[in-house]
Structure formats: structure tokens, C-alpha cells
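Beneath this line is the structure, given in C-alpha cells, with notes to follow.
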Amino acid sequence: MTSSKKIENQLVDHLSSEGEIQKPEELRSWLNESDENQQAYQKYQRIWATSERLGKAGRYQSDSAWTKVEHQIKRKQQKVVRLVRLSYAAMGAAASLVVILAFAFYTGQFSLQQNNMQLTTNYGSRTEVVLPDGTKVKLNSGSELEYHFNRLTKSREVVLKGEGFFHVAKDGHPFCIQTPQGMGLEVLGTTFNISAYPEDEVVHTALVEGSVKLSNEKNQTAILSPGQIMAFNSKDQSFSEREANLSHIVGWTENKIYLDNTSLKATSVLLERWFDVSIQIIPEKLGEDIHYTGVLEEKDIRDVLHALSELSEIKYSIEGNEILVRKR
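Numbered per the numbering used here, the sequence shown spans residues 2 to 329.
Printed below as a string of C-alpha cells:
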């Protein structure tokens, strides 16, 4: 069954849009589960309509931070693929609170969340954005970020799938990140890089300045110091310090790919994300036998492949965005 918290968010989002946002599939499924849910939904509609009339005198404008966000997105050579503004502030706080409390009465949960934001970058693109709290984020290729400020817990909450470089604004509220692998991260104000693509078994966190606390599903924690790089293994939920050059870890923010004895297989994964291509290595063992050390700054995949072929016994062929790599 869909979680009550998610249904609550979708319900408030739908009602606050005055019908402009269609009911999500989860909300429709919840409505179809029982006549009781249908009746509850109709009651929420009546509560919302009533509280809107009562709250008109105290109506406030949508959070001006969103205007700041949209104006501060830096495009340069990068592009924002999708920036979805979600807000429950379509009416006064009193109206929103009435609906949330009504829903909590039926579900046994209470949560008041505002300032929601979703940002996605496709493979082959990167973007830079300023979040509503002032935090600056650079998102690497193929990444997704969800942000919201939880007014109940007074915390800034982020779900990250992919890689991001964060400069967290110090506003006194905890800044928390959750990854698909089950690792959590909490800071108050700091600068760090985190790589947590859903398909990766290991999450890497590199701290530039400040302090961060990492946690796992076993409630175990690890504290990072500036310059430290921590690897988190999702299989056994373990933390281990990684020996690496910090400037190499964050090199992607300057459009550089640093290779430190990196296998052809791992290099290919980086290139697939960087240039939005698909690379097949034949035989697969070749991907583990060849390693590279150096920096790639070329802006064209052909230039990169040519450089790699000069450094190793490989050849390649390109058809569209499909690349075949063989032993020369």
C-alpha cells in the first residue's frame, strides 16, 4: 500500500493546484481502495474549500525564494534539463494546516512540508543551481535531486541519486541527504562532494571543508574531517576511508575527468555519463586488464577515445551513440 506520507503530499499538492495538477497514480490507487477513502477525499475537498475562504484575509504570496532560484540558475555551457517547482503555498498557512491535520486524523501521521524542488540532469549535461536556502549545488551528468524544507522538524532534506558538489548555506537548520544505497549525511554548513549513482554499490563522500556525519541503516555513524574521503559499501553497510586525491574527486566540477589507475571498464562508465553514449567492450575481460592514469579534458568523445587508444592497445568504432571497443 502507498505510504500515508506520500499520499498526504500528493493530496495537498492536488488540492492546492485547484485541479490543475492531475491526481498521481498513487493517489488514484488510494482512492480506489475503498469507499471510505473516497468519502475521506470528499471531506478533504470541503475542508480545503472552507479553509480557503477563511484564510483569504491572511493569504500570502508564494515563497519569493523560488524567484531567486530561477534567476540564479547558471547555464554557461551546461543546461538544466528539468526544474519542477512544487509548492503547497497556494493559500494561507492556516488553510494548509487544517488540511494536514485532517489528513493526520485519518492516517495517524502528521507532516508539514513546503519549498519542494526537483532537479534532473541527463547524461551528457551538468548543471549548477542555488537552492531556496542559499545552498549552491553542482549536479553531474545523470543525476537527480529532490529538496524540501521540513517546517515541522526544521530541517533541509535532500534525496540524491547521482553525483553532486554541495556548498551548504549556514542557516542553523540541519541539511540532510539520503542516497539510494541507504546512506545518510547530515551537516549544518560545509562543502563536500558525494557520488551515489543508484547502480553503484559504493558511495563516495569527499569533504572539502567543515564537518559531516554519515550514517547507515544500522544506525552506525562516521565523522569526516576536511580532506578526508569515505567509501560506503551498500552491501554490508560499512564505512572505510579511501586514499585518493581530493582535487581529482571534484575535478568534474571543472570539466575534467581524473583517472588514477582507473580500469577501462570504470573509465567507460564515466564516459557514458559524461557524453551520453553507450560503450561495449569486447571481450569484457579487456575492461579489467587495461588501466589509465591521467586527466581527460577533451570536449568530444572521439578525442577522448583517440587519446585512450594512443595510450593502450585498443581500437574503437562509433555508430550514433553506440561505441564498440576491441583489442587492437
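No residue lacks a Cβ here, since even glycine has one placed at the ideal position from N, Cα and C.
Within a 10 Å sphere around the beta-carbon of Arg-329 sit fewer than 16 other beta-carbons, which makes this residue exposed.
Contact between the region 198-206 and the region 280-300 is absent: fewer than 3 CB-CB pairs across the two stretches fall below 8 Å. When the beta-carbon positions are compared, Thr-191 and Val-169 come within less than 8 Å of each other. If the five residues before and after Val-296 are omitted, its C-beta is found closer than 6 Å to the C-beta atoms of Lys-257, Tyr-259, all from its own chain and listed in chain order. In this structure, Thr-122 sits near Ser-144, with a CB-CB distance shorter than 8 Å.
Between the alpha carbons of Lys-316 and Leu-306 lies a gap of roughly 8 Å. Ile-319 counts as exposed, since fewer than 16 other C-beta atoms from the protein chains shown sit within 10 angstroms of its C-beta. Per the C-alpha coordinates, the member of Lys-139, Asp-237, Glu-129, Gln-229 positioned closest to Arg-243 is Gln-229. Under the three-state reduction of DSSP, Leu-260 is assigned to strand. Sorting Gly-185, Ile-302, Pro-133, Glu-210 by C-alpha distance to the C-alpha of Leu-247 places Glu-210 at the top. Where Ala-245 is concerned, there is no enclosing beta strand (DSSP E), because DSSP gives it neither an H nor an E.
Bounds of the beta strand (DSSP E) holding Val-130 are 128-131. Counting C-beta pairs closer than 8 Å gives fewer than three between the region 124-142 and the region 218-232, which falls short of the contact rule. For the pair Asn-33 and Gln-39, the Cα-to-Cα distance works out to about 7 Å. Pairing Lys-171 with Leu-189 gives a Cβ-Cβ distance under 8 Å. DSSP places Asn-33 in the helix class (H, G or I) of the three-state scheme. Shortest Cα-Cα distance from His-249 to any of Asn-194, Leu-186, Lys-162 involves Asn-194.
One thing to note: Phe-176 has its Cβ within 8 Å of the Cβ of Arg-157.
Take Gly-135, set aside five residues on each side of it, and the residues of its chain with a beta-carbon closer than 6 Å to its own are Ala-170, in chain order. Out of Thr-222, Lys-24, Gly-252, the CA that lies nearest to the CA of Gln-238 is found in Thr-222. Secondary structure of Val-296 (DSSP, three-state): strand.
Note on geometry: alpha-carbon atoms of Ser-216 and Tyr-42 lie some 38 Å from one another. It is roughly 31 Å from the alpha-carbon of Gln-11 to the alpha-carbon of Lys-214. For Ile-282, the beta-bridge partners assigned by DSSP are Val-326. The residues Ile-8, Gln-11, Leu-12, His-15, in chain order, have a CB closer than 7 Å to that of Leu-28 in the same chain once the five nearest residues on each side in sequence are set aside.
Just so you know, the alpha carbons of Lys-300 and Ser-35 end up roughly 56 Å apart. For Val-159, the secondary structure class from DSSP, reduced to helix, strand or coil, is strand.
Straight through space, the alpha carbons of Gln-119 and Val-270 are spaced by roughly 25 Å. His-174 has its alpha-carbon roughly 42 Å from the corresponding atom of Leu-265.
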